[in-house]
């Protein structure tokens, strides 16, 4: 992610917690004091990219990726309710909701740096070291800059590979085209009526923000990975 893009784009937040303790690997999920719910995801191997032959050029060639560690992944995108509590406690500006509503709807109009500030605030609340330096660099558990996301202990954004692995269902994947199902109307939101649902979500009309968790989860129990909103990942575009 270059700084200019990170400063204006307006995705939601895909939350993760890595470098787990032995006790944390024994739980199927956790809930933060702020209300964020996360699901345990065991590491594994998967083919990343355009495995269906109809993706964007940036998704080719498909290639195998190994996630060599376990982590927790947000059960839902971070909601307005969760992000508004961060703003209330820190004095940060509340993002506009474009008239779509707040509460249980996924937060929008948050840039990449604001997403990392939310992660660091959540880490502080939970007694964990921050995951990000002020310039967006990753920090290990000792507060030193690192390029290895597996060494980051605090709450952070998912890497692109982690996000795709989790969206595909991780070790529990059944090979669905969308996250949890081959029928996009069961797992994603778009403006068309269910009977007019597109078979290719890239051809859907403008995606809209509905309350989280209203559609089917995927194999890992994660919701809304195929929409209604885009989510920030930790990777920078130039990596």
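Numbering (this note's numbering), first residue to last: 54 to 292.
From the three backbone atoms N, C-alpha and C, an ideal C-beta is built for every residue, glycine too.
Report, in whole angstroms, the separation of the C-beta atoms of residue 184 and residue 205, which I expect to be a contact under 8 Å. 5 Å
Environment of residue 105 [buried if 16+ CB atoms lie within 10 Å]: exposed
Cβ-Cβ distance between residue 125 and residue 82 below 9 Å: yes
What is the DSSP secondary structure of residue 101, reduced to helix, strand or coil? strand
Could you check which residue in 93, 230, 236 and 171 has the C-alpha nearest to that of residue 100? 230
Between the alpha carbons of residue 186 and residue 156, how many angstroms are there, rounded? 29 Å
Mapping DSSP to helix, strand and coil, what is residue 69? strand
Identity of the residue in 148, 116 and 135 nearest residue 89 by Cα: 135
Residue 151 and residue 137: beta carbons closer than 9 Å? no
Per DSSP, what kind of secondary structure is residue 241 in: helix, strand or coil? coil
What residue from 270, 163, 213 and 283 has the CA that sits closest to residue 118's CA? Comparing Cα positions, the closest option is 213.
For residue 71 and residue 202, believed in contact at Cβ under 8 Å, the rounded distance: 7 Å
According to DSSP, which residues form a beta bridge with residue 82? 92
Between the Cα of residue 93 and those of 211, 109 and 127, spot the shortest distance and give me the residue it belongs to. 127
What's the gap between the Cα of residue 110 and the Cα of residue 102? 10 Å
Counting C-beta neighbours from all protein chains within 10 Å, is the total for residue 259 16 or more, i.e. buried, or is it exposed? Reliability fails at residue 259, whose pLDDT of 48 lies under 50, so the model's placement of it is uncertain and the value that follows must be treated cautiously. Classification of residue 259: exposed, given that the 10 Å Cβ count is below 16.
Whole-angstrom distance between residue 142 and residue 274, CA atom to CA atom: 30 Å
Beta-carbon proximity list for residue 197, same chain, < 7 Å, skipping 5 on both sides: none
If the criterion is Cβ atoms closer than 9 Å, does the pair residue 69 and residue 287 meet it? yes
Beta-carbon contacts of residue 263 that lie in its chain and below 6 Å, excluding the five residues immediately before and after: 242 and 281
Name the two residues that bound the continuous beta strand (DSSP E) containing residue 208. 208-210
Can you check DSSP and say which residues form a bridge with residue 159? Residue 159 is bridged to 132.
Helix, strand or coil: which one does DSSP assign to residue 284? strand
Evaluate residue 114 with the Cβ neighbour count: other Cβ atoms within 10 Å of its Cβ, from every protein chain shown; 16 or more gives buried, anything less gives exposed. exposed
Best match in 133, 194, 224 and 121 for proximity to residue 65 [C-alpha to C-alpha]: Distances from the alpha-carbon of residue 65 to those of 133, 194, 224 and 121 put 133 closest.
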